[in-house]
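J.: In this note's numbering, the protein residues as written are 24 to 288.
1) Ends of the beta strand (DSSP E) at residue 95?
2) Within the same chain, show all residues whose beta-carbon is closer than 7 angstroms to that of residue 107, passing over the 5 residues directly before and after it, in chain order.
3) Once you ignore the five residues that flank residue 37 on each side, which residues in its own chain have a CB closer than 6 angstroms to its CB?
4) Are residue 101 and residue 124 closer than 8 angstroms when you measure CB to CB?
5) To the nearest angstrom, report how far apart residue 270 and residue 184 are at their CA atoms.
6) Between residue 93 and residue 51, which are expected to be in contact by the criterion C-beta below 8 angstroms, what is the C-beta distance as a whole number of angstroms?
7) Could you tell me the alpha carbon to alpha carbon distance between residue 239 and residue 71, rounded to whole angstroms?
8) Do residue 287 and residue 278 have their CB atoms nearer than 8 angstroms?
9) Are the CB atoms of residue 258 and residue 275 within a distance shorter than 8 angstroms?
10) Have a look at the DSSP bridge pairing and note the partners of residue 37.
11) For residue 209, which option in 57, 145, 255, 202 has the closest C-alpha, if you only look at C-alpha atoms?
12) Taking C-beta to C-beta, are residue 57 and residue 249 nearer than 8 angstroms?
13) What number of angstroms, rounded off, separates the C-alpha of residue 95 from the C-alpha of residue 247?
14) Relative to the alpha-carbon of residue 165, which residue among 138, 172, 173, 261 has its alpha-carbon at the smallest distance?
15) Would DSSP call residue 357 helix, strand or coil?
16) Please identify the residue among 214, 181, 229 whose C-alpha is closest to the C-alpha of residue 267.
17) Among residues of its own chain, excluding the 5 on either side of residue 261, which ones have a beta-carbon nearer than 7 angstroms to its beta-carbon?
18) CB residue 221 to CB residue 190, shorter than 8 angstroms?
19) Spatial neighbours of residue 25 within its chain, please: CB distance less than 7 angstroms, with the 5 preceding and 5 following residues excluded, ordered by chain position.
20) Ends of the alpha helix (DSSP H) at residue 265?
21) To the nearest angstrom, how far is the alpha carbon of residue 170 from that of residue 141?
22) Taking the alpha-carbon positions, what's the residue 198 to residue 263 distance?
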C-alpha cells in the first residue's frame, strides 16, 4: 500500500514511554535542521509486560497518527515494539522507511574477550522469537545470556533513577550475569541507558557496557533526506502531559516543549 502525500516531512519517533527519548536526544544532535515528532505511549507503558497482540495494536495506532502528521521516516525507539511489530509495520506501510531498535549482538561479539555476553531486556523482548533469531544469526558461537528485568522500566517512567529500591532491583537482575562471568553486557531497552551508572556498578568495572541509541539515531540520519521544512520538535503522550513535561525538564533539561496529549481530549 502506498502512503498518501505528506502535509510536511518530519521524522516520527515512538516508544512505550520515556526510553525512546535517549534516541531522540541523539537525533536532535545529529539532525538539528529536521522536524521531529516524538510520541510516548505512557498510558500503556511498559510494553514489556503486554502481549504481542497488544503491542502490535498500539504500534499500528501510533504509526497511523505519525503518518497523518507528516512522518516520512519512523523510528521505532523501543526494543520490545521492534521485536513484536516492526515486520508487520513494514508490511502495512511498504513505502515508508522504518528504523528499529535491537540489541547489538554483532558489536558485542566483536567486543567480548571470553565469549560470554549478557543481555538485559524487558520480559517481552527476552521472550520474543525475533531476539532468538537475532542471537542465532549473529552470536557466532558466543554464549548470550538473556536476563529479563521486570520492574526497571516502571521506576524510570516514574522518574526514579537512583533510589535504593531501584539499585536493589538492578543488582538482582545483574547477579546471574556476574555469576556467569560475562565480560560484555548489552542494554536491550532504550530506557536502560538512563540508568547506565547503576548497571555498570552492579556488573562491575570489568564488564563492558554497550548501548544502542547512538547507532539507531545514526541509521535514521543516514536514511533521512533533508527537505525545505523548518526544524522543530513536537512531543506527545497518551498519558499525562504535565507529568511528562516535568520528567523531561528534570532528566533531560529540556524546557518550553510543545508537549500535547494524544489523542486530543
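Just so you know, even glycine gets a beta-carbon here, dropped at the ideal spot from N, CA and C.
T.: Straight from the coordinates:
1) 94-99
2) 75, 78, 79, 147, 151
3) 62, 85
4) yes
5) 11 angstroms
6) That belief does not hold up - the Cβ atoms of residue 93 and residue 51 are roughly 18 angstroms apart, past 8 angstroms.
7) 20 angstroms
8) no
9) no
10) 62, 99
11) 145
12) yes
13) 9 angstroms
14) 138
15) No information on residue 357 is available, as it lies outside the stretch 24 to 288 that the chain covers here.
16) 181
17) 64, 65, 66, 67, 285
18) yes
19) Per-residue confidence for residue 25 stands at a pLDDT of 44, beneath the threshold of 50, marking its modelled position as unreliable; the derived number appears in the next sentence. Cβ within range, chain order: 118.
20) 264-274
21) 7 angstroms
22) 35 angstroms
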